[in-house]
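Numbering (the numbering used here), first residue to last: 5 to 427.
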């Protein structure tokens, strides 16, 4: 991928983050003060927010960064088909926002036709993941040895494809007219949870370790080359795979199935601690934004161990702790690390104001996560739900402002790079 194309896709991903974060803030203010008349369909807007965050921000940024680092390991220029794949993925990811905004997964009237625009665009997005996986295999199979980051991406992409089976299963239930609530919940969480916990976590770990290494083109050498055997890869992927069952309502999950998922989840938490412990050796060279992200990963791993305590899972399902869990994963771990990587790859680290943006992100996201944790533990917190909801709304403005700031700095940097090439 050419440097200009790489920057373009990262800029697109940052734009998606700006819109998704702003929509998330709108939802937070809606909970605290009520939704405005022009955005009355809370559920549809929540779908627009989450799908743009998943497809436009996280997945697009992960794919662009994987292509960038992979070409360093292979020493080969990426073929034009990668540019087409990324372009189509970008367009469909951005289209998911307006497709879900009005009616979510419901029908939207267009002329004389009623179309499930959200489901249609989500399905088309899913096809691009298979295209990405095929091109990734075509490029990575030339490696004589697969270093640690590449092995993590291998399994991340397999989990991505496995999660897409959940979306296909949901379509199958509609086609067959099945009314099985257990199958509906199973396919739903296979898609949503494995997509986030599996694809996002393992892909980002691969990018983090690739960032720590300095591969020589064509050799695949670097930190990961000789150290893959010392860190868990396959065991981590296998442990993550069944954890989506924990997202299903406790009333639908038999005790044996719960314990299989809970034990796998606990093992995954321990293996993530293993990766985090290895990262401590490189702690001083990581920027504070990346350190914050790794810290949130350890919190995520700790929550996996807490679920093993008898009764905690069933109790937690009746609270707002899942909202905290998702935001810790998507904002605290994923978005913090992606922002740190993008700032580094676009050369924004020494740009005036970039340091303050990092600290603002840490403060704003940290406060937002604390308020969401308070809402999840509301029965133990001597603060009213309304106060916490409004505190969460105001704190959500900080990540929005930081996302806008990084996007504007990136645009200015891109314009400067274009001017230099013209000169």
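Glycine included, every Cβ here is placed at the ideal spot set by N, Cα and C.
Here residue 419 carries a helix assignment [DSSP, helix/strand/coil]. When the beta-carbon positions are compared, residue 156 and residue 210 come within less than 8 Å of each other. If you draw a straight line from the Cα of residue 261 to the Cα of residue 249, it comes to about 8 Å.
In this model, residue 37 and residue 138 are separated by some 47 Å (Cα to Cα). Residue 9 and residue 87 have their C-alpha atoms some 8 Å from each other. Spanning the alpha carbons of residue 203 and residue 364 requires a straight line of approximately 28 Å.
In the DSSP annotation of this structure, the continuous segment of the beta strand (DSSP E) that includes residue 112 starts and ends at 112-114. For residue 117, the enclosing beta strand (DSSP E) stretches over residues 117-119. Non-local C-beta neighbours of residue 318 in its own chain, meaning closer than 7 Å and more than five positions away in sequence, comprise 254, ordered along the chain. Following the DSSP letters along the chain, one finds residue 47 inside the alpha helix (DSSP H) bounded by residues 46-55. In this structure, the beta-carbon distance from residue 94 to residue 64 falls below 8 Å. Of all C-beta pairs linking the region 45-59 to the region 102-109, three or more are shorter than 8 Å, placing the two stretches in contact. Non-local beta-carbon contacts of residue 245 in its own chain, meaning distances under 8 Å to residues more than five positions away in sequence, involve 163, 166, 198, 202, 268 in chain order.
Within the same chain, 411 come within 7 Å of residue 19 by CB-CB distance, once the 5 residues on both sides are set aside. Comparing alpha-carbon positions, the option among 338, 408, 368 lying closest to residue 402 turns out to be 368. The Cβ atoms of residue 70 and residue 280 lie no closer than 8 Å to each other. For residue 258, the number of other beta carbons within 10 angstroms of its own is below 16, and it is reported as exposed. Restricted to the region 244-296, the alpha helix (DSSP H) segments that are unbroken, complete and at least 4 residues in length are 259-283, listed in chain order. Rounded to the nearest whole angstrom, the C-alpha separation of residue 345 and residue 284 is 18 Å. Across the set 98, 234, 136, the C-alpha of 98 shows the shortest separation from the C-alpha of residue 58.
One thing to note: residue 400 has its Cβ within 8 Å of the Cβ of residue 29. In this structure, residue 348 lies away from residue 15, with their beta-carbon atoms at least 8 Å apart. For residue 40, the number of other beta carbons within 10 angstroms of its own is below 16, and it is reported as exposed. At a Cβ-Cβ threshold of 8 Å, residue 235 and residue 273 do not count as neighbours. Of the candidates 350, 247, 287, 247 places its Cα closest to the Cα of residue 311. Note that the C-beta distance between residue 53 and residue 31 is below 8 Å. Put simply, of 327, 270, 288 the residue whose alpha carbon is nearest the alpha carbon of residue 313 is 270.
Between residue 396 and residue 145, the alpha-carbon positions lie close to 46 Å from each other.
For residue 383, the secondary structure class from DSSP, reduced to helix, strand or coil, is helix. With contacts defined by Cβ atoms closer than 8 Å, residue 189 and residue 125 do not form a contacting pair. Excluding residues up to 5 positions away in sequence, 235 lie with their Cβ nearer than 7 Å to the Cβ of residue 282 in the same chain. Between the beta-carbon of residue 237 and that of residue 293 there is about 25 Å, and that puts the pair past the 8 Å contact cut. Non-local beta-carbon contacts of residue 350 in its own chain, meaning distances under 7 Å to residues more than five positions away in sequence, involve 11, 14, 414, 417 in chain order. Straight-line spacing of the CA atoms in residue 101 and residue 62 works out to 14 Å.
Boundaries of the alpha helix (DSSP H) around residue 32: 7-37.
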